[in-house]
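Comments concern the structure below.
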Amino acid sequence: MNWFNKLKSGIQTLVRKRMPENIWIKCERCEQIVYRKKLEQNTGICPHCKHHFRISSAEYIAAVLDKNSFEEIGQEVKSTDPLTFVDLQPYPDRLKEYRKRTNMDAAVLAGVGEINGAPVGIAVHEFGFMGGSLGSAEGERICRVIDRCMRDQLPLIIVCRSGGARMQESIFSLMQMAKVNAKLSQFSDAGLLFISVLIDPTTAGVNASYASIGDINIAEPNALIGFTGSRITGSSVSASEMEALRQAQRAEQVLEHGFVDMIISRDKMRATLSQLIEMLSKEPSEVTS
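For the sequence shown, this note's numbering begins at 436 and goes up steadily by one.
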C-alpha cells in the first residue's frame, strides 16, 4: 500500500451532529441567555436577575415536596363539555389539544405528600392547561384533596396560578368558586391550616375567591396578582395607565397594601412552608412549652 492509499484509508467522514433544540433560553427580564439545564436545577429562577420563570405543576410539586412522596388524588376526574361549547373550535377539541401539550386531563394537579417528613395536602394549578383556568374538574380535584386533609387532619397548600374561571363551562365554572370556598370554610371550622401560594399570574375569579383567603397568603417575587389583567383593560386605558396598572398588580405592591403576608423566592419556598407548617400546625400548648 503506497502512502496515499494508507492516508486515504485513515480518513473518516465527518458526520454533522444536530444541536438539540431549546438548550438555551433567553430571560424575558434581563435578556441574558441561560442554559436550560441550569435553569431547571435552579427551580426556574434566572441566575442573573432572579426572574421566576413559569414552571409546570409537576415541577412545582417536585420543588416543594420530599422526593417520591407525592400521591395524586382525583386523577380520574377529567374536564368534560356540559354545554357543547364552541368558540374558535369545539371545546372537546381544545381539551384534546391541551391534554396533548401537557399530558394532563385538567388544569389542577392535586394530592398528598410530605415536606421534611410532615404530611400535607397540595393542589397546584397548571397554567399550561388553558391558562390554569378553573372548571368543574379542577374544582372537584381541589375539593377532594381538601376532604382528604380534613379526614387525615393535614395542613393544605394551594399553589394558585390562573386566568380565572373557564368561560367554556360558563355557570358550571363559576359554581366552582363557591364550591371550593364552601369546602374551605368547613376546613377552617375544623381548625386546620390553609396556606395559599400566589404565583405569576393569579387573577380574576380564582384570585377573588380561594386564592385570597389562606390563613397565610404567600406570593412569589414580581408575580402578577390582580382581578382584571392587561388583556381585558388594554383597549380602554392609555399606555401610561396600563403601565401603572401592571405595577399596582405586582406582588410587591400587593404586599404593601396588605393583600399578601409575605413574598418568598421559589428556592426558599420549601423551607418557608416547612417552618410555617411546623409552627402553625401545633396546638397552642405545644408552641409555648
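Ideal placement from N, C-alpha and C gives every residue a C-beta, glycine not left out. It should be emphasised that the depicted structure is a prediction, and the values quoted were computed from it without experimental measurement.
Residue nearest to residue i in terms of C-alpha spacing, selected from the options
i	options	result
K461	H486, V499 and L569	H486
G661	Y645, Q684, S514 and V521	Q684
D381	I593, E604, E549 and K618	Past the boundaries of the shown model lies residue 381; the chain is included only from 436 to 724, so the question cannot be answered.
C584	A686, V632 and F622	F622
I653	R596, A613 and S620	R596
S608	E575, E475 and R464	E575
Bounding residues of the alpha helix (DSSP H) (the contiguous stretch that carries residue i)
i	result
V580	S571 to D587
K472	R471 to Q476
E691	A686 to E691
S709	M704 to L715
Contact set for residue i: own chain, Cβ-Cβ below 8 Å, skip 5 residues either direction
i	result
L715	P590, L628, D650 and I651
CB contact flag (residue i, residue j, <9 Å)
i	j	result
D516	L500	no
A497	S709	no
E507	A541	no
I421	I606	Given a span of 436 to 724 for the chain in the structure shown, any question on residue 421 remains unanswerable.
A646	L633	yes
T663	A686	no
S571	G598	no
V547	V594	no
V615	S644	yes
D522	M602	yes
G479	R701	yes
K561	S491	Here residue 561 is Glu; the residue named in the question, Lys, does not match the sequence. Result yes, Cβ atoms of E561 and S491 sit closer than 9 Å.
Residue interval of the beta strand (DSSP E) (run including residue i)
i	result
L500	Counting along the chain, L500 falls outside any beta strand (DSSP E), and DSSP gives it neither H nor E.
V555	A553 to H560
I460	W459 to K461
Residues near residue i by beta carbon distance below 7 Å, same chain, minus five either side
i	result
I468	W459 and K461
L711	I630 and I651
Cβ-based neighbour list, residue i, same chain, cut-off 6 Å, excluding 5 preceding and 5 following
i	result
A706	none
F564	Y533, T537, M539 and A542
D635	A658 and L659
Ranges of the alpha helix (DSSP H) found wholly within the region 597 to 671, counting only runs of at least 4: Correct list: 606 to 624, 639 to 643 and 665 to 668.
Contained alpha helix (DSSP H) runs [length at least 4] in the region 488 to 549, N- to C-terminal order: Taking only runs of at least 4 residues, the alpha helix (DSSP H) segments lying wholly in the region 488 to 549 are 492 to 499 and 526 to 537.
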